[in-house]
Every structure is written in C-alpha cells, then in structure tokens.
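*Asks:* Below is one structure. I have some questions about it.
Number of protein chains: 2
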Amino acid sequence: MDTYQKILTCAAELFAEKGFEAVSMRDIASQAGMRAPSLYNHFRDKQSLYQATLHEVFSQHNTALIGVLTSTDDPHGKLQQVVHISLLKMAEEPNFRLLLQRELLQNERDRLQFLAEEVMADTCHQLQAILQLINPQADHHFVITSLMGHLLFHVQIAQMRDFLPGVEDKHADLAYLSQQIYDSLLKSLK
Amino acid sequence: MDTYQKILTCAAELFAEKGFEAVSMRDIASQAGMRAPSLYNHFRDKQSLYQATLHEVFSQHNTALIGVLTSTDDPHGKLQQVVHISLLKMAEEPNFRLLLQRELLQNERDRLQFLAEEVMADTCHQLQAILQLINPQADHHFVITSLMGHLLFHVQIAQMRDFLPGVEDKHADLAYLSQQIYDSLLKSLK
DNA sequence: GTCTATAGGCGGATAGAC
DNA sequence: GTCTATCCGCCTATAGAC
C-alpha cells in the first residue's frame, strides 16, 4: 500500500471514531508513521484530506453493495441479502456508518446533497426497482428511508444494548437482527 | 430567565448544531451576551457546561413524553400519540435529537450507559408495557429500537429529502409520516 | 518525499481589578 | 458576577534543509 492510501486508511479510522474537529493532522500523521507536515505533500489541507477520506470510504461501500443489488436473485432474495450484507459489513467495518452518520448531522445543504447524490441515490434507485416488483402500490421512498434508518440504528445501538431494558441474547445475533429487519420491511410493504 | 439558564440555552443550541469540539467557550459566551471568563463563574469548565446542557435538554424532553405515556388512552391511542408528539417535538426543537445522536456516536461505555439509563430507559419501560397489551408475543426490545430509529432517522433525513429519489409532497407532511410510522410499527407487532 | 523549525492564530482556563 | 489582560498549549500550515 502506498503512502497516499496508508494516510487515507488512518484518516478514515480516526475521523470515523472522533469526528473531523477532534482529530488533528498530528494524530493522523502519527497513526500513519510520519510527521504532520508530510501529509501536506499528499493533500492540500485538512479539509481536502477529509473529503478524500469520505470519497474513498463511501465509494468502496457502494461498489460492495452493487454486487448484491445487480445479482440475478428474485426480489425477495435480493432484499434479504441487502439487509444481511449491510448489517455484516457495518458491524465489522464501522467507518462507513460512522462517517455517514457524522455527515448527516451537518446541516449544510451542499454536503447533504453530496451524501444524497453520491452515496445514497444509486442504492435507492436499485432498491426502488426491487420494491416495485414486490408491491407497486407501496410508498417506496418511505420504505427505503425506513430500511436505512433500521440498518444504521440497530448497528449503532449494539454497543449500548446491554444497558437497555428487555434485551436478550438473540439481539446480539446479527442473523436474527437481519431476519427481523427483513420481516418488518416486508410487512410494511404489504 | 437568569444567567445560568441563559447560558444553558445558548450552549444547547451551539453544541447541538456544531458538536462539542467545534464550539468554543467564546462562542457560547458571545451568544449569551457576555465574555468567556464569565462562564466560569457558573460552570467549572467546558465539560461541566456540556454535561449540564445534556442533562437539561434530555430531562426536559423526557418529562414532556411522560405526560403522553401515562395518559389514560388505550394502548393503540397512546402509541399513536407517542409517535406523533415525538415527531412534532423533534421537528420544531431539534436540539434533543441532535445532542442525542451526537452522544450516540461516542463509543465510550459510560456515556452510552448514561444515555441508556437516564434518557431512554424510562420511555422504553413505558413503551414495553403498552406493547405488552397489544401483543405479548412480540419482540418488544426490537420493536422499540426500531421505533426510535424510525423517529430519529425520518426527522434527520427531512433536510435532504429533496435530493432523494421517489420523494413526493406528502413526505414533507409530519402527519403523514407519523401515520406511516405508526402503521409499520403495528404491522411489525403482529 | 520526509524532516525540523517555526510562524501565526485560536483554544481553555486563570488572575485580579472593579 | 463580569470584565480585561494574559498564560500556555495545541492547532493548521509553510519554509527550507536534506
């Protein structure tokens, strides 16, 4: 892995964990085994490094999902796979979810537009086509939004689940969660 | 309103909008019509001010919800009201949602435990009792988590809805959203 | 392409006058 | 209880040696 990629990887980790403001160029450089000024040979400034990090993480995640969405499965199987794989990927590699959720907390219009168009639009369109086959009458925009909310929130809440009432062993099982989310998705489609 | 409360109000606004790291004591003081050192007559340091802000905003929101949850309505009516009022309150006064979501992004165990026990536990228990009356067989923990995810995410996504595919006018209507969320909640309970 | 040294600004926090 | 003045550290970013 070349230096450029090494920096992006470390930056993704730190920005995801602590957020843009809480991470210094020294932190990133240190993580990447160099000094802060060296970063400026690869990125114009901190903002550029952050943007490049977002682009890297988001596009990687998207191409991973497209494989599932363009498979030849029937609509139900595809839907189930999307839920399952999204959960798995977000659980084992939290950078995508964290960076996305941090960006969602910004209320600058152009950053939200970037998120919508560059990160979510493709997946939404693919999902829409699938839902169309299952139930053309349903409110697809609502259902897709609900699905994204489900996926993000259930993974996010995993770390504090032990502190919440009514929790059982099965809730730590991603396969069970995935099944529940898929079930309630289908029910809300009918 | 005394100075103490004035500071808390301004701090809540700024912390919610920009996050802890991105807000300086000078920013808060300026918003409250004073100079930064004056803040230290009311709060030991920035962390204390932040904690006090969280406590203020979270407890206010919780007491507002308890009124609904302890009303004498039937379970279905209560549930519908909880959804509706939560959406309304979060839409018109975003500080609670933003501070909650920012705290959820931390992965420090004790802060998550604080959130779970001081912010969510009461509401969860009340909801659990309601769900028990509707369908004792259902996975209440999952349903309640889903509901919270729904509420938070649909309000959050409101600002970028125009950029997402398949959006229609009705999606900007809180009453419609509230109905949809309640409907899918009931369906996933059956 | 990486380093040291450093500029220049902003951050949290305190001292002490009023 | 609020202010001005100030300390001191960390920040981003650049200059220039190697």
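If you read the sequences in order, they're chains A and B.
Under this note's numbering, the first residue of the first sequence carries the number 1, and numbering increases by one thereafter.
Under this note's numbering, the first residue of the second sequence carries the number 1001, and numbering increases by one thereafter.
C-beta atoms are modelled at their ideal positions from N, C-alpha and C, and glycine is treated no differently.
(1) Compare the C-beta of histidine 1076/B against all C-beta atoms of chain A and say whether one is closer than 8 Å.
(2) Mind pulling the chain B residues with CB within less than 7 Å of glutamine 157/A?
(3) Hey, how far is the Cα of alanine 158/A from the Cα of valine 57/A?
(4) Which residue spans inside the region 77-155 of chain A form an unbroken alpha helix (DSSP H) run of at least 4?
(5) So, using beta-carbon positions, are leucine 105/A and arginine 1102/B closer together than 8 Å?
(6) Report yes or no: is there a C-beta of chain B within less than 8 Å of the C-beta of proline 37/A?
(7) Distance cutoff 8 Å, beta carbons only. Does glutamine 1113/B sit that close to anything in chain A?
(8) Which of the residues in the region 1086-1113 of chain B, read from start to end, lie with their CB under 7 Å from any CB of chain A?
(9) Quick check on aspartate 1139/B: buried or exposed, where buried means 16 or more other Cβ atoms within 10 Å of its Cβ?
(10) Between leucine 127/A and the rest of its own chain, which residues show a CB-CB distance below 6 Å, the 5 nearest in sequence each way excluded?
(11) Taking DSSP as the reference, what is the three-state secondary structure of glycine 1166/B?
(12) At least one CB of chain B closer than 8 Å to the CB of alanine 29/A: is that the case?
(13) If you draw a straight line from the C-alpha of aspartate 169/A to the C-alpha of histidine 1141/B, how long is it?
(14) Does DSSP put arginine 44/A in a helix, in a strand, or in coil?
(15) Would you mind telling me which residues of chain B sit closer than 9 Å to proline 136/A, beta carbon to beta carbon, in chain order?
(16) Do alanine 1016/B and asparagine 1095/B have their C-beta atoms within less than 8 Å of each other?
(17) Under 9 Å, CB to CB, which of the residues in the region 1160-1174 of chain B have a partner in chain A?
(18) Please tell me whether cysteine 124/A has its Cβ less than 8 Å away from any Cβ of chain B.
(19) Using C-beta distances below 8 Å, list every residue in its chain close to leucine 1099/B, excluding the 5 sequence neighbours before and after it, in chain order.
(20) Could you tell me the boundaries of the alpha helix (DSSP H) in which aspartate 1074/B lies?
(21) Any idea if glycine 33/A is buried or exposed, counting beta-carbon neighbours within 10 angstroms, 16 or more meaning buried?
(22) Assuming contact is defined by CB atoms lying nearer than 8 Å, are leucine 185/A and leucine 65/A in contact in what I supplied?
(23) Isoleucine 181/A lies in the alpha helix (DSSP H); which residues open and close that run?
(24) Beta-carbon of leucine 54/A versus every beta-carbon of chain B: anything under 8 Å?
*Replies:* Reading it off the structure:
(1) With 8 Å as the cut-off, histidine 1076/B does not count as an interface residue toward chain A.
(2) Note on residue identity: the sequence assigns isoleucine, not glutamine, to residue 157/A. Those are Thr1145, listed as they occur along chain B.
(3) Straight-line Cα distance between these residues: approximately 22 Å.
(4) Complete alpha helix (DSSP H) runs here, min 4: 95-104, 109-114, 121-134.
(5) A contact, by the Cβ cut-off of 8 Å.
(6) Judged by the 8 Å Cβ criterion, proline 37/A is not in contact with chain B.
(7) Answer yes: the Cβ-Cβ gap between glutamine 1113/B and chain A drops below 8 Å somewhere.
(8) Taking 7 Å as the Cβ-Cβ cut-off against chain A, the residues of the region 1086-1113 of chain B that qualify are Leu1098, Gln1101, Arg1102, Leu1104, Leu1105, Asn1107, Leu1112, Gln1113.
(9) Aspartate 1139/B counts as buried, since no fewer than 16 other beta carbons sit within 10 angstroms of its beta carbon.
(10) Once the five neighbours on either side are set aside, the close Cβ partners of leucine 127/A are Ile144.
(11) The answer is coil: DSSP assigns glycine 1166/B none of H, G, I, E or B.
(12) The beta carbon of alanine 29/A does not come within 8 Å of any beta carbon belonging to chain B, so the residue lies off that interface.
(13) Each residue's alpha carbon lies about 11 Å from the other.
(14) Note: arginine 44/A maps to coil in three-state DSSP.
(15) Per Cβ cutoff of 9 Å: no residues; proline 136/A is ~12 Å from chain B at best.
(16) With respect to the 8 Å criterion, alanine 1016/B and asparagine 1095/B are classified as neighbours on the basis of their beta carbons.
(17) Against chain A - using a Cβ distance shorter than 9 Å - the residues of the region 1160-1174 of chain B are Met1160, Arg1161, Asp1162, Phe1163, Leu1164, Pro1165, Gly1166, Val1167, Glu1168, Lys1170, His1171.
(18) Yes, cysteine 124/A counts as interfacial toward chain B.
(19) For leucine 1099/B, where only same-chain residues beyond five positions count, the Cβ hits under 8 Å are Ala1012, Phe1015, Ala1016, Thr1053, Leu1054, Val1057, Phe1058.
(20) Unbroken run through aspartate 1074/B: none, as it is neither H nor E.
(21) Residue environment: glycine 33/A is assigned as exposed (fewer than 16 neighbouring CB atoms within 10 Å of its CB, all protein chains considered).
(22) Not in contact: leucine 185/A and leucine 65/A (Cβ atoms no closer than 8 Å).
(23) DSSP places isoleucine 181/A in the uninterrupted alpha helix (DSSP H) bounded by 174-189.
(24) Chain B contact via Cβ: absent.
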